[in-house]
Structure formats: structure tokens, C-alpha cells
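In what follows, a structure is listed as C-alpha cells, so that the remarks can point back to it.
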Amino acid sequence: MKKILVQLDSDKSPSVFDAVTAYDSGVDNLLQYGDIAPCQVRDLVHGAMFTRGEDALKNSAIFVGGSDVTSGEEILKEVVNSFFGTVRVSAMLDSNGCNTTAVAAVRKILSVGEVKGKKVVILAGTGPVGMRAAGLLALEGADVLLTSRGFAKSEKAAATVSKRFSCNITPAQVSSPEETEEALKDASAVLCAGAAGIMLIPESLWAKHPTLQVLADANAVPPLGVENTKPHWSGKEVEGKIIFGALAIGGLKMKIHRKCVAQLFTKNDLILDAEEIYEIAKSI
Amino acid sequence: MKKILVQLDSDKSPSVFDAVTAYDSGVDNLLQYGDIAPCQVRDLVHGAMFTRGEDALKNSAIFVGGSDVTSGEEILKEVVNSFFGTVRVSAMLDSNGCNTTAVAAVRKILSVGEVKGKKVVILAGTGPVGMRAAGLLALEGADVLLTSRGFAKSEKAAATVSKRFSCNITPAQVSSPEETEEALKDASAVLCAGAAGIMLIPESLWAKHPTLQVLADANAVPPLGVENTKPHWSGKEVEGKIIFGALAIGGLKMKIHRKCVAQLFTKNDLILDAEEIYEIAKSI
Amino acid sequence: MKKILVQLDSDKSPSVFDAVTAYDSGVDNLLQYGDIAPCQVRDLVHGAMFTRGEDALKNSAIFVGGSDVTSGEEILKEVVNSFFGTVRVSAMLDSNGCNTTAVAAVRKILSVGEVKGKKVVILAGTGPVGMRAAGLLALEGADVLLTSRGFAKSEKAAATVSKRFSCNITPAQVSSPEETEEALKDASAVLCAGAAGIMLIPESLWAKHPTLQVLADANAVPPLGVENTKPHWSGKEVEGKIIFGALAIGGLKMKIHRKCVAQLFTKNDLILDAEEIYEIAKSI
Numbered sequence: 049m050k051k052i053l054v055q056l057d058s059d060k061s062p063s064v065f066d067a068v069t070a071y072d073s074g075v076d077n078l079l080q081y082g083d084i085a086p087c088q089v090r091d092l093v094h095g096a097m098f099t100r101g102e103d104a105l106k107n108s109a110i111f112v113g114g115s116d117v118t119s120g121e122e123i124l125k126e127v128v129n130s131f132f133g134t135v136r137v138s139a140m141l142d143s144n145g146c147n148t149t150a151v152a153a154v155r156k157i158l159s160v161g162e163v164k165g166k167k168v169v170i171l172a173g174t175g176p177v178g179m180r181a182a183g184l185l186a187l188e189g190a191d192v193l194l195t196s197r198g199f200a201k202s203e204k205a206a207a208t209v210s211k212r213f214s215c216n217i218t219p220a221q222v223s224s225p226e227e228t229e230e231a232l233k234d235a236s237a238v239l240c241a242g243a244a245g246i247m248l249i250p251e252s253l254w255a256k257h258p259t260l261q262v263l264a265d266a267n268a269v270p271p272l273g274v275e276n277t278k279p280h281w282s283g284k285e286v287e288g289k290i291i292f293g294a295l296a297i298g299g300l301k302m303k304i305h306r307k308c309v310a311q312l313f314t315k316n317d318l319i320l321d322a323e324e325i326y327e328i329a330k331s332i
Numbered sequence: 049m050k051k052i053l054v055q056l057d058s059d060k061s062p063s064v065f066d067a068v069t070a071y072d073s074g075v076d077n078l079l080q081y082g083d084i085a086p087c088q089v090r091d092l093v094h095g096a097m098f099t100r101g102e103d104a105l106k107n108s109a110i111f112v113g114g115s116d117v118t119s120g121e122e123i124l125k126e127v128v129n130s131f132f133g134t135v136r137v138s139a140m141l142d143s144n145g146c147n148t149t150a151v152a153a154v155r156k157i158l159s160v161g162e163v164k165g166k167k168v169v170i171l172a173g174t175g176p177v178g179m180r181a182a183g184l185l186a187l188e189g190a191d192v193l194l195t196s197r198g199f200a201k202s203e204k205a206a207a208t209v210s211k212r213f214s215c216n217i218t219p220a221q222v223s224s225p226e227e228t229e230e231a232l233k234d235a236s237a238v239l240c241a242g243a244a245g246i247m248l249i250p251e252s253l254w255a256k257h258p259t260l261q262v263l264a265d266a267n268a269v270p271p272l273g274v275e276n277t278k279p280h281w282s283g284k285e286v287e288g289k290i291i292f293g294a295l296a297i298g299g300l301k302m303k304i305h306r307k308c309v310a311q312l313f314t315k316n317d318l319i320l321d322a323e324e325i326y327e328i329a330k331s332i
Numbered sequence: 049m050k051k052i053l054v055q056l057d058s059d060k061s062p063s064v065f066d067a068v069t070a071y072d073s074g075v076d077n078l079l080q081y082g083d084i085a086p087c088q089v090r091d092l093v094h095g096a097m098f099t100r101g102e103d104a105l106k107n108s109a110i111f112v113g114g115s116d117v118t119s120g121e122e123i124l125k126e127v128v129n130s131f132f133g134t135v136r137v138s139a140m141l142d143s144n145g146c147n148t149t150a151v152a153a154v155r156k157i158l159s160v161g162e163v164k165g166k167k168v169v170i171l172a173g174t175g176p177v178g179m180r181a182a183g184l185l186a187l188e189g190a191d192v193l194l195t196s197r198g199f200a201k202s203e204k205a206a207a208t209v210s211k212r213f214s215c216n217i218t219p220a221q222v223s224s225p226e227e228t229e230e231a232l233k234d235a236s237a238v239l240c241a242g243a244a245g246i247m248l249i250p251e252s253l254w255a256k257h258p259t260l261q262v263l264a265d266a267n268a269v270p271p272l273g274v275e276n277t278k279p280h281w282s283g284k285e286v287e288g289k290i291i292f293g294a295l296a297i298g299g300l301k302m303k304i305h306r307k308c309v310a311q312l313f314t315k316n317d318l319i320l321d322a323e324e325i326y327e328i329a330k331s332i
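Residue numbers (the numbering used here), protein chains in the order written: chain A, 49 to 332; chain B, 49 to 332; chain C, 49 to 332.
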């Protein structure tokens, strides 16, 4: 029986990235649906639920994507609401690659050493990747500081993450070099989760930093988030710091993405969001 | 050469149900088209007709679906109008599952015994499933009574079916328990073809009915069409009556659906509508 | 690794013709995108570029189609602009079949003998097929005359082709039998590239023509472009002339189309437009 993945995408044209990755994960046939609103979800999900019975149900699964993460979360909620008891199929949320990228960044940081009781900073962390990484690092016991250019925005994001992951994230405003320095004080690790093409940490700050051990950067477009580094650095040691560029994180993200899609077809009741994807990534 | 099915669906998002079933019927690659209006059909059908020659043409076929049966019928008409003589591909109509469900219900009723010369009632029969079942039962020689809550509606549906299947269906209004009892008088079999979640025959009526031998119910959502029965009953005998629930009918419907899609790829000139699907179902 | 083709189509419903031909060319999975505007192209192309690395990149490719050739050309331009250096995928343009049909017609004409220094006429040549055929014949050294019912239109098309193919096409108005005769004077070959169902050369003109050796006709719908011929004639000799009908050209077009799509997956940096498709066709 063929492995069929239903791609529910909130964008007008469903992601080619997610489609190619689905096929590279062992999917036999993909059904692509773009411009999906939550109200359309139920009929489509029922079509996946009611065509294959019992053990065969695990051969159908759902992937929720698109550039808008909030829409993706609403779609996933509708997917789950469409199930009847054990008559259900596995589903994964990775709108804009948020879950797989956040998990890859956290795994890279953790590969250097545990973060329990240590301060970890998520610079420009109010986007989907930053928020999910903050939550996952907090679950690992880190004291997480999540920053934004405006305090209100960081406060809102920190509250959302704290509630979602049942943890306690500290917000901070970072809109000047002095505030960056203050935010990084006593920090053991930092993740630059800002927009592409914006430098967040000058070399003068990170190279001589007394406590920083790990720097991770999700930005692959120059200027990079961490000044004078390279996107392909994968744990390169410079000035006693271990540095992970965006391409190194991206390479791991691809492996995680593929493994999670493959996992969908092992059972019919998986819901893969940040925590579940994080667990699966541990075995890579 | 790959078996390619072109799914022409009148709904915005083409049916996942039909897509998964297509792959489970042996289709290699599905081309999904949603939001199809009759005026778009010709170009798409020509694309199926002019890409593979002679014997190879049977490897391309068309499936017309969507929740609106009238739209589906118009699309199928355009499909057929697009052919040039022997340069054509096979096509099947099953908008909203109407043909395969009606055929499955009729096959279940017939499995108990022939209906020739007997009275068969289609309760709430003005929908696509009820109308097609009425026609097929009339072709088997039954005296078919088709009911609706309003007489005018039953009259219109009966006339449409009579014309379409060259038979003579009798209309009746059923809007009260008394009218239900009157409609079922002397009936040998009944099919509940109404909307989901509406009870049509109280147990007090069917359990002691003097002539009813078979009850079939297309409604899987409680309250069921036949009171105090189970959707999975597949010919269960209760009070001397044989009862078929919606899941039993649905299981047969899936087999018929798959067999018909597979059949499309055996020749390049099949048009599978109610009668043809009924014939194919006889071999299951 | 599966061969994935991304079909970017400017029409609302992506072409079934191109889709079936893609599968018949060895594509494993097709991703169909309709209603594509140039502004949507970048994200989709990046999805093809960033999912498979290095040598594996050649397993992803892009096909640009749709009934509007100008839109297709704009889409292809955006595809190429989306690439980063060597991180790219192969792409092919064949909106409305213009490239593969023009190449097939030119190959048929050339099969009779070379055109270097000879006069070749493209009747009603202002459409995509006529313009591309004009350019390719000029590259083979022919003196090409491109005609239209209005002189201004032929002049504009001739200028466009001359610029695009760095050659020198002569325009001419042909709106009467006398102008047709004048245009064909001293011609060695002619291609009828007009709309379906319009006769362009009466038998009385071509049958006794003193210099014409080859006639090719892209119109398969009666009345044909060359009077009293047959669409399936593939090099049939009549009155000392070699004649190619639209079905014969179409048969070669299919072979060229399939070979070019297959070629896309041999390297990751091919851009297949008129000249490249012409080169590939030489090996058929």
C-alpha cells in the first residue's frame, strides 16, 4: 500500500521545499493543497481517515505547512478536531520550517554540552524559530532570555512561550550594542534567530566574551547574525567558542525533517509538533 | 506505461477520499484539478487524449467528482463532448460517492432476494444516492416508491429518475409517522437515503412490519435512519428482517469504487455512470 | 532518488498534456502549479534548489508551460534569476508547445535537404511556433521570409526574431492569393504556421510551383493550411514536392518533448529554450 501524504499549506502555492522533502522521506504520493483555511480542513482529513481501515491507516498522513505559522497552528488544531477516537491519521506541523529549524539549532547547542542551569540567550527571538527554540531550551533546564528590539514584543513572546511549554522565559529589549552586551552578560550560549541579513553580535563582543561557549546563527544571508563567521561552520572553534552557522543548522534540519515525515507512517496517531520533533531528533 | 488518472472535481479542493481511493485502485499518478467548471474541461481532456496513441490510450482516464452531483454530470457531459471518434479515454462519474453508494445499497438489498414485482420504498430519496438507487431497483423490476417530506419534491425526483432510467417511479409525501406507515404498506424492502443524523423508521414500525424483509440504511451518524440498529450490521437478522447498516454498505461501496477505477484502465472507451457501475459491482 | 519535475503553468489549470508527457519522459513525481505569476516563482524555485545537494540537484527540474508564451518567457526569466551561482536546477520552456513544435517542423524541412542560401517562407508566422521556426531556419542559413496578413505585424515579428536569434528575417504582407504567390516566388520550402482551420496555399499554387521542394503544415484542423493534403503525410511526395502534415510534425514533436524532459535530469544547469531543444532534436 502506497504511503500518501496530504500537504495542507496556508500559502496559495503549496511549498516545493516541503514537497520534495516529502518524496525524499519515502512518501510514495503527495496530495498538495494550497490556500487552505481551517474551515476546509475537516472534509480533507475525513478523506484520509475513511479510505483505509485499521492497520492500513498508518499509510496516510498529513503535513501542515506554509509561511504563516499561526495559520498552520490553526490548521493543525482543525486536523486534530476532525478525528473520531482511534479513527485518525498522523500529522506534523512545520510551517515555514519553524519546528525542524528550531530543533536543529537547539540540538547543535546541546551537542557542546548541557544547558541545565546555564543562561542561554535567544537574540531577536520573537519569530517562530526563536520562540520554539526558547521553549525547548527551557525544557532542558536553561535560564532563557528572549530578546526583541521592543520590550513589549519580547514580553509578549516570552509569555506565549512560557505558557505553551510550561516554563519561565525572561524577556529583554535589545536595540543597541550596549543592550546586546547586557543581554549576553554571563550567558553560556546564544542563538541568533533574527531576520536574514541583519548582524546581531559584533565580533568585538563575541570574540572576547568571558562566558560564551556556543554561538548558533539561523541567518544564512550576509551580513550574518554573528559577525565574521561563515554559514557552513559546523562547530568550528574560534577564540575558544564553538560556532554553528546557518548552513550547518540547515543540514541537520533537513535530516530531522526527513526523519519526522518518515516517522508519520509508522503509526496512525502521532501529532508531531515542537516537543515530538525534538524527541525524534535525539536519535539522529 | 504509467496509469494516469485525471481527477476533475467541482469543489475548490479536490477530494482526498477519491484521491486515496484512486491510488488504492492501482493508479500510478493522479493529476488533481479542483474548482472545475464545464468550460475548462475540453483542454484538459484533450491533454489526456493527445498524449498517448492507440493501445496506450487506455492508460489515461478521467474521474469526475466533487460534492455537487449536478456539476459533476455537466462536467462528464463536457468530457464526452470533447472526444473525437475513437480518440477518447475512459471516464467515471462518482460525485459525492453517489453512484458507488447507491449501487452498494442496491446490491445489499438484492443479496437477500430478487425485487421483481415487489414494492421497494426509498425513504427521503430525492438526493443523488436515493435517486440512483430508485432507478437501479426499477431496472430490476421493483415497484419503486420514492418519498420526500414534500410531495412536489418527491414528484420532481420521481419524474427525473423515470426519465433517466426509462422506468416508472411513484412519488409520495412522507412527513409524519402515519405517512411513513402508509408508504411502507405492503413493501418488501426499504432504503433510508436521507440526511445524516435523522431517524426515519421507528423500531415500533419496522420490528412488527408484516411484509418488510430487508432494511438498508445509508446514514452512519446517530440517530440512524432505522431506529435501534447498528451501522456495522451487514445482513443481521432481527425480528425476521435482514438489516444492512451504513458501514456495511460503505464497505461494499469501497470495493465497488476501487474495482471501477481499476476497470477504467482496461479500455479507452468506458463511461462509468450508474448502470455501468452497477454491472461491474455484480462481479464482486 | 526520485526525479521530480515542478510544472509552472501560467494557466489556471496546469496542462494535462504536459503532465502526461512528463510522466512518459521518466519523471517519477510531478508537482503541478497553475495560475503562476512571475512574482511567485522565486520561492518555488528555491524549494527545488535547497532540498537536494550537489550531485543530487539534477534530480529536480522545472518545466514552464501554459497557453501564453509571453507569460512563459517571463516565468523562465524569473526562474533563472532565482538561482545562486552553481546552486540551480535545469529548466525548460515550452509554453503552448511552441518550442517543440517549431523544432519538429524545422527538422522535418531539413530532413529533405539543407536550406543554406535558400529561400524559406513562414506563412502566417507571427505566432510562437512561426517565430521560433523562422529563427531556427535562419540559423541554418536560410533566407527567411515571415508573412502576416498585415505588414506591420510581420515587420514587428521579423524584428523580434532577428534580434532574438541574431539573424535577418524579411517581413512581408500576405493577404491575397496574389501576395501568397509573390511570397512563395523562388522559395525552396514553406511552413504554414497559421491558426487551425485556415487554408493558406491553394493546390493550384503549390502543385505546379517551379521551385518549392518542401511543404510543412502545422494545422491539423480542416481546412488544412496546404490544400488537398493529409495531416498524417510524413514526407509524402506529390507532384515532386515533399509534404509534411501536422500529425507527422506532431509525432516528432512528442519525441522531442519527451527527450528534452528526460534530458533535464542529466545535469542541474540546463536551460532548454528554442536553440537547446533544436540541438537535442538532432539526435532523434
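For every residue, glycine included, the Cβ atom is placed at its ideal position computed from N, Cα and C.
Residue from the options whose Cα sits closest to the Cα of residue i
| i | options | result |
| --- | --- | --- |
| A:I290 | A:P270, A:L263 and A:K301 | A:L263 |
| B:V192 | B:A200, B:G198, B:T208 and B:N216 | B:N216 |
| A:A104 | A:K315, A:I319 and A:I332 | A:K315 |
| B:A67 | B:G113, B:T259 and B:K60 | B:G113 |
| A:A241 | A:A200, A:E229 and A:A268 | A:A268 |
| A:P225 | A:S210, A:G245, A:W254 and A:T218 | A:W254 |
| B:A220 | B:A200, B:T208 and B:A237 | B:A200 |
| A:G82 | A:D76, A:L92 and A:V75 | A:L92 |
| C:Q261 | C:K156, C:L295, C:I319 and C:Q80 | C:K156 |
| A:T208 | A:E229, A:G178, A:E188 and A:A231 | A:G178 |
| B:L78 | C:A85, C:A70 and C:I84 | C:A70 |
| A:P176 | A:K211, A:A205 and A:G288 | A:A205 |
| A:A244 | A:E203, A:P271 and A:L194 | A:P271 |
Under 8 Å from the C-beta of residue i: neighbouring residues of chain C
| i | result |
| --- | --- |
| B:V54 | V64 |
| A:S61 | Y81, I84, Q88, D91 and L92 |
Residue i versus residue j: straight-line alpha-carbon distance, rounded
| i | j | result |
| --- | --- | --- |
| C:S305 | C:V135 | The residue asked about is misnamed: residue 305 of chain C is His in this sequence, not Ser. Going by the C-alpha atoms only, they are around 25 Å apart. |
| B:V274 | B:T99 | 50 Å |
| C:C87 | C:E126 | 8 Å |
| B:Q311 | B:N107 | 11 Å |
| B:Y326 | B:L184 | 8 Å |
| C:K307 | C:S138 | 14 Å |
| C:I328 | C:V309 | 11 Å |
| B:A182 | A:S115 | 49 Å |
| A:A322 | A:T148 | 8 Å |
| C:K284 | C:K51 | 39 Å |
| C:L124 | C:D142 | 10 Å |
| B:R197 | B:D317 | 40 Å |
Endpoints, alpha helix (DSSP H) assigned at residue i
| i | result |
| --- | --- |
| A:Q88 | A:Q88 -> no alpha helix (DSSP H), and no H or E assigned at all. |
| A:T218 | Taken as a continuous stretch (DSSP letters only), A:T218 belongs to no alpha helix (DSSP H), being part of the beta strand (DSSP E) at T218 to Q221. |
| A:D36 | Only positions 49 to 332 of chain A appear in the structure, and residue 36 of chain A is not among them; the question remains open. |
| A:V309 | A294 to L312 |
| A:S159 | C146 to V160 |
Cross-chain neighbours of residue i in chain A, by beta carbon under 8 Å
| i | result |
| --- | --- |
| C:K278 | Here the premise fails: no neighbours, minimum Cβ distance about 42 Å. |
| C:K50 | Y71 and D72 |
Beta strand (DSSP E) segment containing residue i, residue limits
| i | result |
| --- | --- |
| A:L318 | Segment: none, A:L318 is in no beta strand (DSSP E) and carries neither H nor E. |
| B:S214 | B:S214 -> no beta strand (DSSP E), and no H or E assigned at all. |
| A:I110 | S108 to G113 |
| C:N267 | Here C:N267 belongs to no beta strand (DSSP E), and DSSP marks it neither H nor E. |
| A:G283 | S282 to V286 |
Cross-chain neighbours of residue i in chain E, by beta carbon under 8 Å
| i | result |
| --- | --- |
| C:K315 | Of the chains in the structure shown, none is chain E; the protein chains are A, B and C. |
Which residues, in chain order, does the stretch 70-92 of chain C contribute to contact with chain B at a C-beta distance below 8 Å? Taking 8 Å as the upper bound on Cβ-Cβ separation, chain B lies near residues Y71, D72, N77, L78 and Q80 of the stretch 70-92 of chain C.
Using a Cβ-Cβ cut-off of less than 8 Å, list which residues of the stretch 95-113 of chain C approach chain A; keep chain order. Residues G95, A96, F98, T99, R100 and S108.
Pull out every residue of the stretch 150-173 of chain A whose Cβ sits closer than 9 Å to any Cβ of chain C, in chain order. For the stretch 150-173 of chain A, no residue has a beta-carbon sitting nearer than 9 Å to a beta-carbon of chain C.
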